[in-house]
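Written below as C-alpha cells is the structure these notes are about.
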Amino acid sequence: MIEALDGEGIVGGDYVTDYKFNYQISIQLEDFHMCGGGIITNQYVLTAAHCVIDEKDRFTQSQLVIVAGTLESNSTDSSVVKVKIEQAFIPKYYKRVKPNSPGRDRTVGDIAVLKLKKGLGLEHNSKLGKLKLPPKVDGDFMTYENDVGTIAGFGIHHNWVKMGTDLENNKTIEVASGGDLRLKYAEVNIISQDECNNMFFKPILDTHICGTIKPRDPKNPEGICTGYSGGPLVYDGDTVI
C-alpha cells in the first residue's frame, strides 16, 4: 500500500450534496469528529495510524466509533451507521514523529486498517459504498504523477477545542476541535516526488504520493487544515491511492 502524506482539513473546496463519496467515514470519540477514513470492505476501513494509535503505538481507543452513510458528522438520521472498532492493524515500521521533534524526519507507515465489531451493511444501504485498492503495474504500484485525485472529509475552521476523558488510561485528552460538520471535497493535482521535495521542508520517500489542492481562484487560496487526517486520496472516483 502506498503511504499518503499527512492530510488534514479542506480550506475551500465544495460541499457534498449527494452520496457520491459514500465510502467516506468519520472516526469519532464522544460524538465528535476526530479523523476521516474510507470503507474498503463491509467490515474494514482504512485510515491513518496516528488517528487510532497512542504515543506508545498501542490501540487503546476502544471508545472510538466509525460513523458512515452521512453528509454531516453530527447527523441523527436513522440511516446513519455507527459501529465500534474491534482491532487496528498498522505496519511494523510505523514511526510517529511528534510535532516538536527536531530534525527533518517524516512519519512513515502512517496507515491503519481497522476491523469493525460488525459489518456496515453495504448491501442494504445505498448511502454506503467501498473503495477499491490500487492495482499493480509490472509488479509495482503506479505513481499517479500528473493525474487528478479527490479528497473529502468533514472540514474544520472554527477555533475551539473539546476535552474528554480517556477511561482506559485515566487521563484528560483533546477530543476534537470545532468543525463545519458537513462533508466537503476538493480535487488534488498529483505531483512528482522531485516537485514535492522542492515544496516541502521534510524529505519525501519513495512510498509517498504528493499532491496539491487544485486551484480554482487565485484570489482565494485553498488547502488543508485540521481534521481530515486519515481520509483517502481517491483516483477515478473509486480507487484509494
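In case it helps, the numbering used here puts the sequence shown at residues 22 to 262. Beta carbons: idealized from backbone N, C-alpha and C, even for Gly.
(1) For a quick check, are the C-beta atoms of LYS151 and ALA173 less than 8 Å apart?
(2) What are the residues that DSSP puts in a beta bridge with SER47?
(3) In angstroms with no decimal places, state the Cα-to-Cα distance between ASN43 and ILE60.
(4) With hydrogens ignored, establish whether the beta-carbon of ASP35 is closer than 7 Å to any heavy atom of the ligand NAD.
(5) What residue from SER100, LYS103 and VAL129 has the CA that sits closest to LYS113's CA?
(6) Taking the alpha carbon of LEU141 as the point to measure from, which residue in SER100, HIS54, ASN210 and ILE111 has its own alpha carbon closest?
(7) On the three-pair Cβ rule with 8 Å, is the stretch 83–97 touching the stretch 44–58?
(8) Identify every run of the beta strand (DSSP E) within the stretch 131–183, keeping only runs that are complete inside it and at least 3 residues long; order them along the chain.
(9) In the DSSP output, what is TYR13 paired with across the bridge?
(10) Beta strand (DSSP E) containing ASN210: first to last residue?
(11) Quick one: grab the DSSP three-state call for GLU216.
(12) For the beta strand (DSSP E) containing ILE109, list its first residue and its last residue.
(13) Closer than 6 Å by C-beta to LYS105: which residues in its own chain qualify, once you throw out the five before and the five after it? Chain order, please.
(14) Counting C-beta neighbours from all protein chains within 10 Å, is the total for PRO224 16 or more, i.e. buried, or is it exposed?
(15) Could you tell me if VAL209 is buried or exposed, where buried requires 16 or more neighbouring beta carbons within 10 angstroms of its beta carbon?
(16) As a quick exercise: from PHE175, ASP78, ILE230 and LYS103, pick the residue whose alpha carbon is nearest that of PHE110.
(17) Going along the chain, which residues of its own chain have a beta-carbon closer than 8 Å to the beta-carbon of ASP227, five neighbours each way excluded?
(18) Give a yes or no on whether the C-beta atoms belonging to LEU135 and LEU143 are separated by under 8 Å.
Let me lay it out:
(1) no
(2) Bridge pairing for SER47: GLY57 and VAL88 [DSSP].
(3) Their backbone Cα atoms lie some 9 Å apart in a straight line.
(4) The ligand NAD is not part of the structure shown, which contains no ligands of any sort.
(5) Distances from the alpha-carbon of LYS113 to those of SER100, LYS103 and VAL129 put VAL129 closest.
(6) SER100
(7) yes
(8) Runs of beta strand (DSSP E) with 3 or more residues, each lying fully within the stretch 131–183, are found at 133–137 and 169–175, listed in chain order.
(9) Because the chain here runs from 22 to 262, residue 13 falls outside it and cannot be looked at.
(10) First-last of the beta strand (DSSP E) with ASN210: 204–212.
(11) helix
(12) The sequence shown places Ala at residue 109, not Ile. Annotation: the continuous beta strand (DSSP E) that includes ALA109 extends over 102–110.
(13) VAL86 and LYS138
(14) exposed
(15) buried
(16) ASP78
(17) GLN214
(18) LEU143 is positioned such that its CB atom lies no closer than 8 Å to that of LEU135.
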